[in-house]
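Protein chains: 2
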Amino acid sequence: MEWTREKRYRPYEQYSALELLELQAQANNSAYQLRYHIRPTSGLLNDPNGFSYFNGEWNVFYQSFPFGATHGLKSWMRTVSKDLVHWENRGLAIAPDTKFESHGAYSGSAHVVGDQLFLMYTGNHRTSDWTRVPYQVGAWLTQNGEVKKLSHPLIEQPTFASEHFRDPQLFEVDGKFYAVIGMQSQNNKRGEMVLYQANQVTGPWRFVGPIKTGIKDFGYMVECPNLVMVDGAPTLIFCPQGLSKNEFAYQNIYPNLVLQGESFDLATATLRRPGKLQNLDAGFDVYASQTFNAPDGLAYLISWVGLPDLTYPTDRENWANCLSQVKVLHQKDGQLYQSPVPAMKSLRGRSQVIDGQVTMVDDQAGQQIEFEVTIEPNQKGTLWLAADQILKRGLQVKFDTQNGKLILDRSKTDEPTAVEYGHTREIDLPANQAVKLRIFLDHSLAEIFVNDGAQVMTGRYFTRQSDQTVAFDRPTQVHGSLWQLNKM
Amino acid sequence: MEWTREKRYRPYEQYSALELLELQAQANNSAYQLRYHIRPTSGLLNDPNGFSYFNGEWNVFYQSFPFGATHGLKSWMRTVSKDLVHWENRGLAIAPDTKFESHGAYSGSAHVVGDQLFLMYTGNHRTSDWTRVPYQVGAWLTQNGEVKKLSHPLIEQPTFASEHFRDPQLFEVDGKFYAVIGMQSQNNKRGEMVLYQANQVTGPWRFVGPIKTGIKDFGYMVECPNLVMVDGAPTLIFCPQGLSKNEFAYQNIYPNLVLQGESFDLATATLRRPGKLQNLDAGFDVYASQTFNAPDGLAYLISWVGLPDLTYPTDRENWANCLSQVKVLHQKDGQLYQSPVPAMKSLRGRSQVIDGQVTMVDDQAGQQIEFEVTIEPNQKGTLWLAADQILKRGLQVKFDTQNGKLILDRSKTDEPTAVEYGHTREIDLPANQAVKLRIFLDHSLAEIFVNDGAQVMTGRYFTRQSDQTVAFDRPTQVHGSLWQLNKM
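Going down the list, the sequences are from chains A and B.
The first sequence: position 213 = 213 (UniProt numbering), numbered continuously.
The second sequence: position 128 = 128 (UniProt numbering), numbered continuously.
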């Protein structure tokens with residue numbers, strides 16, 4: 001089926017319930033389906049939205065097009081959790097049913113105000129001649145899960161922004177509300193992040209200015225900006241599109257970047273003494289990450305595992321993408337660290353310990369596992385995951401702890417994806433040192449935390465589920481543990 | 001909204017996807033929603049179907065009308081589990097899309113034949129003048145979850161049966177296939193169970209005869225018959241409608257009964273040396289139970305928690321009912337025992353021990369708990385569950401271990417239901433003996449196993465979720481443990 005514009009923007013009430021039930025069954029029955037990550041109940045999932053802690057529960061919403069693996073008319077779906085690991089699907093939360101979001105309830109964030117959760121997001125409207133008009137809109141989520149939309153937009157498209165003006169991230173400092181918004185300038189079509197401020201969350205909202213970072217050019221657009229405090233350091237996490245590779249080297253179609261400073265001046269929207277641009281994730285598929293400072297003071301992060309403008313093998317099953325696991329952020333000396341949340345250990349089931357000169361780890365480990373392994377210095381070889389028993393097929397982690405290299409390689413999986421952006425992702429490690437890996441597999445998703453989360457490599461991979469081997473290609477000096485994981 | 005016949009039988013493709021998404025969100029957000037039982041993703045659930053072990057997974061299908069809390073056009077939804085406790089929703093499995101099931105894919109069973117699962121069930125057809133025509137139909141479920149329906153019915157309505165001829169239970173003995181079917185006779189409109197036999201599961205199916213049990217009259221209909229071996233004893237589990245209370249005393253609108261014998265003669269459809277009729281469940285809401293002999297030789301049982309012709313408070317939220325937990329059946333000296341499956345313990349989280357003269361057990365226990373408690377002899381009082389702190393509101397278990405009485409009482413819950421059939425259910429216990437209770441609460445469902453499952457009392461209850469107390473109304477000599485349970 002071809003996804004014509006007309007089909008992609010058909011109102012949800014014009015799709016049949018039977019079609020939706022069949023799409024849900026198809027997603028439920030997929031061999032590639034995730035078991036302990038947030039995934040679409042049908043159709044396409046993209047950005048996480050409204051990540052927050054409200055009424056005793058963690059909330060993560062996500063962008064959804066429920067009717068196929070394409071970017072059609074978007075709504076928000078809601079999931080909640082007590083522990084950031086076991087997520088419960090609550091279903092459709094924001095349907096695109098007002099004029100302001102007639103062509104999609106696009107991404108946004110959430111912040112507790114009083115005893116309700118305030119949602120601030122982008123309404124995507126198209127005029128009859130298909131001109132896009134972005135509105136930053138608001139809604140209240142009550143404690144019993146009802147959504148009440150504000151009757152008027154919070155912020156209309158300013159003259160200095162093109163039609164690309166979206167993804168507000170709402171936060172509160174000293175009783176005042178702030179929103180960072182991604183945009184493209186009207187005059188020269190360059191990407192920017194801008195800051196708005198309001199005394200009441202429902203407005204009026206006042207333009208503070210473009211966020212000053214010292215970076216000259218972000219390309220033609222910045223999506224999904226976040227400003228969050230990580231161990232006292234103001235941290236920008238954002239997705240520039242069209243960023244010059246002279247500015248920053250990246251391999252994915254669009255990167256998800258991090259920039260930390262010493263302080264942030266809200267009055268002038270200035271990041272003081274910015275450090276160096278860093279890749280948030282050294283893998284294949286992290287994008288549109290959302291982060292917020294929770295009441296416990298920590299910064300939590302969740303990402304879309306998927307990228308704009310790419311196709312995935314599950315497209316043929318009419319569903320696509322998932323969210324990453326939640327990570328807690330720390331920083332030390334300008335280095336960002338991402339860690340699994342403590343409750344991830346609650347998924348652990350049957351375990352086994354490895355120690356010494358190891359080749360085969362487990363030929364029936366399966367693809368719903370955690371593997372925590374330290375590879376000693378001066379080891380070189382390949383760790384195979386989700387592999388067949390003769391190690392001809394699977395996901396490869398190539399390591400060289402002498403020269404300090406780690407490569408994630410999807411080329412030997414059944415269905416390598418996005419090959420035009422390369423089969424491999426490589427990172428540098430400290431030379432002549434052990435490397436500690438904490439690897440999670442979830443049927444078609446690998447998340448690898450390197451050296452306590454100093455780097456993370458996230459990637460979808462697609463290979464047969466009967467390939468259940470975890471093994472080194474040669475005797476390797478290691479120690480660690482492998483766990484079967486329960487579904488969430 | 002009134003559920004006219006026309007609305008109830010609208011084809012699924014004429015409901016909108018938006019409506020379904022909203023119904024799913026409504027069910028997901030219900031305060032009464034179950035967390036570790038199979039429940040409808042939207043609308044109404046009734047009979048469990050196709051309970052089986054196939055391709056390394058336990059399968060339970062259920063009757064579904066996804067569009068509201070009414071008995072409309074039925075389909076089969078599928079769930080699977082590795083451990084009989086953690087069920088995973090696989091969604092729509094049998095849509096009512098052939099002539100034979102034009103007015104519902106009704107109840108049936110499943111049996112592994114070769115490398116596929118054979119589904120045998122009732123197709124409900126209505127002619128243009130609304131005459132019901134029941135067909136016993138077949139379908140293959142492949143290992144990858146595809147359903148392929150047979151082009152012709154397995155058994156057409158025989159002349160001796162009225163339009164009420166349904167719920168085939170398929171099993172295999174010595175390479176031959178048998179089906180027990182519930183029906184109403186054409187001539188005198190009385191309920192019967194009949195036996196069919198086939199050498200190939202796809203037919204031809206041959207009528208063996210009515211099942212002879214020694215019971216003179218089952219009322220006007222028998223639904224959901226099962227014949228299963230429990231520790232060597234042939235056991236009939238079935239639901240007579242209109243059974244005389246002289247034949248068997250029962251309080252629910254329709255009972256779910258058990259009848260065991262010493263042997264069963266398949267050639268003549270005769271249960272030899274039948275014992276006494278027993279209530280399968282001494283509570284309020286068990287009906288349409290389905291059981292089968294698994295490859296491990298044991299008999300497992302799962303029930304609809306809900307009854308025909310009753311309404312429930314969740315009707316206003318457009319969803320209704322759930323399935324019970326799975327029970328393993330045993331028998332000793334003609335007494336049936338029902339036990340939770342071993343993996344139920346895997347749900348256990350935080351625990352506390354009680355021992356001695358106890359009044360308050362926990363005023364923040366909540367309603368997702370297991371409470372295993374032995375009440376010593378000569379104790380009389382009330383155990384309050386899901387109660388407020390002053391024990392004025394909640395679900396009551398009244399016990400008298402001197403005279404040997406146990407009463408489950410819903411009268412003090414917020415929304416007593418089916419009150420025309422009484423607020424209480426009572427059972428006799430051995431006098432002057434301790435009683436051992438294993439109680440499970442799941443937000444609006446209580447399952448109480450009495451004395452190692454010699455009796456079970458199952459009941460929905462509806463009271464506010466903020467009532468979290470478990471307590472005795474006076475100091476009571478007890479010992480036991482209380483666990484918070486994880487969601488499945």
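Heads up, the beta-carbon is just placed ideally off N, CA and C, and yes, glycines get one too.
It should be emphasised that the depicted structure is a prediction, and the values quoted were computed from it without experimental measurement.
B:A299 and B:V230 closer than 8 Å at C-beta: yes
Neighbouring residues, chain A, relative to residue 501 of chain B (Cβ below 8 Å): The question about residue 501 of chain B has no answer, for chain B in this structure spans 1 to 488.
Cβ shell of A:H86 (< 6 Å), same chain only, five flanking positions each side left out: M488
Pair within 8 Å by beta-carbon distance, A:P168 and A:S75: no
Nearest-angstrom Cα separation, counted from B:P11 out to A:E146: 29 Å
Rounded distance between the beta-carbons of A:A282 and A:I427, thought under 8 Å: 5 Å
Alpha-carbon spacing of B:K412 relative to A:S30, whole angstroms: 46 Å
Contact the stretch 41-49 of chain A vs the stretch 58-75 of chain A: 3+ CB pairs below 8 Å: yes
B:T291 versus B:L429: straight-line alpha-carbon distance, rounded: 26 Å
Limits of the unbroken alpha helix (DSSP H) element including B:E19: 17-28
Against chain B: residues of the stretch 376-407 of chain A by CB proximity under 7 Å: none
Per-residue contacts from A:A110 into chain B (C-beta, under 9 Å): Near A:A110 there are no residues of chain B at all, since even the closest Cβ is about 17 Å away, more than 9 Å.
Length of the line joining the Cα atoms of B:T127 and B:F472: 57 Å
Supposed close pair B:V305, B:V326 - CB separation, criterion 8 Å: Actually they do not touch by this definition, with Cβ atoms about 12 Å apart.
Local Cβ density within 10 Å of B:D467, reported as buried at 16 or more and exposed below that: buried
Pairwise C-alpha distance: A:L236 and A:L195: 12 Å
Whole-number beta carbon distance between A:L336 and residue 489 of chain A, since they are thought to touch under 8 Å: The structure shown has nothing for residue 489 of chain A, since chain A only spans 1 to 488.
Chain B residues whose Cβ lies nearer than 7 Å to that of A:G145: N29
Within 8 Å, strictly: CB atoms of A:V60 and A:L323: yes
Contact between the stretch 1-16 of chain A and the stretch 48-58 of chain A (3+ Cβ pairs under 8 Å): no
Alpha-carbon to alpha-carbon, B:C239 and B:I253: 11 Å
C-beta atoms of B:G182 and B:G219 nearer than 8 Å: no
Continuous alpha helix (DSSP H) stretch holding A:E6: start and end: 5-8
Secondary structure of residue 557 of chain A, DSSP reduced to three states: With chain A covering 1 to 488 only, the question about residue 557 of chain A has no answer from this structure.
Spatial distance of A:M77 from B:M457 (CA atoms): 38 Å
Burial state of B:W483 (16 or more Cβ within 10 Å): buried
Element boundaries [beta strand (DSSP E), containing A:G356]: 348-362
B:V373 (DSSP reduced to helix, strand or coil): strand
Start-end ranges of the beta strand (DSSP E) lying completely within the UniProt domain "Glycosyl hydrolase family 32 C-terminal" (360-471) of chain B, minimum 3 residues: 368-375, 380-387, 395-400, 405-409, 424-428, 435-442, 445-450, 455-460
Amino acids of chain B, ordered along the chain, whose beta-carbon sits closer than 9 Å to that of A:P66: A17, L21
Nearest candidate by alpha-carbon position, reference B:Q352, set B:P313, B:H423, B:D363: B:D363
Members of the stretch 274-286 of chain B near chain A, C-beta cut-off 9 Å: none
Cβ pair count under 8 Å reaching 3, the stretch 259-276 of chain B against the stretch 205-218 of chain B: yes
Paired residues, beta bridge with A:H330 - DSSP: A:Y337
Limits of the unbroken beta strand (DSSP E) element including B:K149: 147-149
Chain B contact for A:A95 (CB, 8 Å cutoff): yes
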